[in-house]
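Student: Sequence positions in the sequence shown follow our numbering and run 2 to 112. Encoded as structure tokens, here's the structure I'll be asking about.
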Amino acid sequence: MPAAVRDVTNAAVEALLRSPLHGIASDDLALVTFVGRSSGTEYTTPVGYHDTSETADCTILTTSDWWRNVVENPEIRLLIRGKEYEATAKAITDPGRVADHVERFVARNGV
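Encoded structure:
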């Protein structure tokens, strides 16, 4: 996806998720806010997620490297269903664990 299209799409999704109409997309999408590892700048991006009984797992399939910021600085904020939470992120990069996670996600969501 061209960067300009991605930026416009992300801005539109962010505006929707911060609005009173967030319920349209809040069951599947959340906002993650994190700090850039080099710049120290705060960034927000929409992500897909699913709830478990005790945690909110953000499922992120991306070719971008923005998630590496979260590895460097795991303190994040999540906006889920109109409520903001402070959280500590943990990236799962081990291929076996990623495969298990994706299998559970597919089984739950019928993808």
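Yeah, the Cβ is synthetic: ideal placement off N, Cα and C, and Gly gets one too. The structure presented is a predicted model; accordingly, all values stated were derived computationally and were not measured.
Using DSSP bridges, identify the partner residues of A5.
Tutor: Note: A5 sits in no beta bridge, so no partner.
Student: Going by other Cβ atoms of all chains shown within 10 Å of its Cβ, with 16 needed for buried, is I25 buried or exposed?
Tutor: By the 10 Å Cβ count, I25 comes out exposed.
Student: Ignoring anything shorter than 3 residues, give me the beta strand (DSSP E) runs that lie fully in the region 80-108, in order along the chain.
Tutor: DSSP runs (the beta strand (DSSP E)) wholly in the region 80-108: 84-89.
Student: Taking the C-alpha atoms as reference points, what is the distance between F35 and V48?
Tutor: Cα-Cα distance, rounded: 12 Å.
Student: May I ask you to list the residues that DSSP assigns as paired with A31?
Tutor: Answer is V48, bridged to A31.
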